[in-house]
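Residue numbers (UniProt numbering): 1 to 724.
If you want it as structure tokens, here you go:
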């Protein structure tokens, strides 16, 4: 039996689970890829994947790979392939295209060149020209561009396999079916159901988790009710093989109901979404087996004879709005109280984009899996509902709520003395330089891992998250001491001090509000007025370490066209405008920060017609073709180290992506212009090839003032120019 190669796609984070599943279909793993797995095996394995995979999105039968560093090279590779093996005579096809490079900058152009190559090959052979059908083609050609190579294949699935056909109605923020199946597998549902366990989702929404749990336990093929797959008009299709697999699926569906059938129940406080769930259950043919009911989580009850072991798996609200986040602690605590009361001895799985609220459940999580719900980072938290796992429920740590208290006077005195010393040195330096916002203390002493910043008489304290070697009680004790010492040592009122815990941020968390005080106030920097907020966001609106960079921009911006990429609150643009820039464009994908930047420019009386701020994904903007008005003399680019924000078209990894970002920025820089490129990734290495293309000088030392010289790795900075 001949072997074929397949690329099977899946949700991000599910690759290893998918590889294991594909192995059970007779497919051997070749390698894992982001959001997919390369496998090889017989065509039967590809068919089984289409019919049986609970995790896959699409099944691509790989047919060839061609060079594609340019549109012409891509076309030349495609036109020399024998497409009559894959597209029926008088048939129709459609091309899906993913990826881009310097020559092929958008998917529409790439798909067009592939289509041209296919059609021209048919005509060169003297055959009829196949038609292109965007909606209902006989065959879908998959084209994936990566590093100058184009992988071509036949989409055997024909549609995303997560669409089982039962969910035409959906609730708010529904889970996709294959992500739900991945959560069930990670939670151990196949083993629990095989051992006689039952299933409950107390916040079931449109019912996806409970339906997938039932299909899994009853051995129902996810593709069993699909009317059509992408391979059925493909010339290489083997109808007899496919028929035998369909018959096997029907036989297994019958046999799956002969053993003990678990009990399945879903609950939700919203009666409207329960009505939607019931329609989905009926379409899945499970109305005799799955029960759903409108009931809030705090009223959870299981009536009748339920197993002593089972799985509660749920996807509660994430609290993306601030008003919702305030209620999450109580909701998660109610969930914990309910499962401890109703299903002791069961397992609990909670899939959440707000994993910090897991501590409100009142159980210790024994396992955490990082996954994505669409583009949103999330975690699956697993708990055993037993006495050994019980802990006191609590809200996520808010260090500002720690009560100031000195437990160790000697240790507290060490911090007090260090702060007073720093006030004499750094504080005196700042006053002489007329600097009102500066860093006074940055984890100078290992006992107090804090950053303490002064904002014209107010104090912003950031507690760095303690390492795992430091127990939580000790860390909070030291923070309590610091909060007691700081106001006294600095001579300020306690109400003028704000404390936050700072941890590594991912995804959209860097844009999330921490509070809702609305307490903005103005500070001054080299003649510029800037709006800051110490309470409501993780950062304050002003990166103090970039003060010298902003001052340099102000001193060199006269009559220049200025571009600020990843502009945050636009402070650098304010300095450019105050320094006499002829015009500026500032880009950021956060509406909050775009509005903040506009306010900062207005405070400094900048002409909004000349100094524009726009909401944009900088990655997409840079990759797009530039227009005549997008030429600049001075560009500042300070990207995040990593971002997978739901607002972005892709994922930003600064180490991997910086060469493209720099080259794209330089393409918009005038011949005698300057790009200031900065980032704060501590292990960052500038690609050597860039130094062969441009004049590059690292200026990090010159961009660190006295208050950051103790932490010289806070950022790195380069000046980049075109070669003469």
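Positions of the beta carbon are idealized from the N, C-alpha and C atoms, including for glycine. Fair warning: this is a prediction, and the values are worked out from it, not measured in the lab.
| Item | Value |
| --- | --- |
| Per-residue burial, residue 431 [other beta carbons within 10 Å of its own, 16 or more giving buried] | exposed |
| Closer than 8 Å to chain E by CB, residue 14 | No chain E is present in this structure, which holds just one protein chain. |
| Residue 305 versus residue 30 - alpha carbon distance | 47 Å |
| Residue from 151, 24 and 132 whose Cα sits closest to the Cα of residue 5 | 151 |
| Close beta carbons around residue 131, own chain, < 6 Å, minus the five adjacent residues each side | 92 |
| 8 Å Cβ cutoff met for residue 589 and residue 616 | yes |
| Residue 635 beta carbon less than 8 Å from that of residue 665 | yes |
| Alpha carbon of residue 302 to alpha carbon of residue 278, nearest angstrom | 18 Å |
| Neighbour-count burial assignment, residue 460, 16 or more Cβ in a 10 Å radius | buried |
| Helix, strand or coil at residue 177 according to DSSP, with G and I counted as helix | helix |
| Neighbour-count burial assignment, residue 247, 16 or more Cβ in a 10 Å radius | exposed |
| Closest residue to residue 442 among 576, 25, 44 and 713 (Cα-Cα distance) | 713 |
| Own chain partners of residue 509 with C-beta closer than 6 Å, once the 5 adjacent residues on each side are dropped | Note that residue 509 scores a pLDDT of 41, beneath 50, so its modelled location is shaky; the value from the coordinates is reported in the next line. Cβ within range, chain order: n/a, list empty. |
| Cα-Cα separation, residue 622 to residue 675 | 14 Å |
| DSSP three-state assignment for residue 696, whether helix, strand or coil | strand |
| Residue closest to residue 198, alpha-carbon to alpha-carbon, out of 271, 563, 344 and 709 | 344 |
| Cβ neighbour criterion (16 or more within 10 Å) applied to residue 598 | buried |
| Residue from 127, 134 and 128 whose Cα sits closest to the Cα of residue 112 | 134 |
| Residue 120 to residue 317 span [Cα, whole Å] | 52 Å |
| Delimiting residues of the alpha helix (DSSP H) encompassing residue 539 | Element bounds for residue 539: n/a, residue is neither H nor E. |
| Three-pair Cβ contact test at 8 Å for the region 378 to 386 versus the region 350 to 369 | yes |
| Beta-carbon separation (whole angstroms), residue 66 vs residue 77, contact threshold 8 Å | 3 Å |
| Contacting residues, own chain, Cβ-Cβ under 8 Å from residue 12 (five flanking each side not counted) | 34, 35, 371 and 372 |
| Burial state of residue 560 (16 or more Cβ within 10 Å) | buried |
| Enclosing beta strand (DSSP E) for residue 633 [first to last residue] | 632 to 637 |
| Contact check, residue 390 vs residue 348, beta carbons under 8 Å | no |
| Top-ranked residue by Cα proximity to residue 569, from 497, 601, 580 and 554 | 601 |
| Cβ-based burial, residue 340 [other Cβ within 10 Å; buried from 16] | buried |
| Cβ-Cβ distance between residue 297 and residue 338 below 8 Å | yes |
| At least three beta-carbon pairs within less than 8 Å, the region 541 to 550 to the region 572 to 586 | yes |
| Segment limits, alpha helix (DSSP H) that includes residue 20 | 15 to 24 |
| Member of 723, 625 and 241 whose CA lies at the smallest distance from the CA of residue 691 | 723 |
| Where the beta strand (DSSP E) through residue 531 begins and ends | 528 to 533 |
| Residue 643 burial status per 10 Å Cβ neighbour count (16 or more: buried) | buried |
| Run of the alpha helix (DSSP H) containing residue 669, from where it starts to where it stops | Looking at the DSSP string, residue 669 is not in any alpha helix (DSSP H); the run it does join, the beta strand (DSSP E), is 669 to 679. |
| Same chain only: Cβ atoms within 8 Å of residue 419, ignoring 5 sequence neighbours per side | 440, 441, 452, 485, 486, 489 and 490 |
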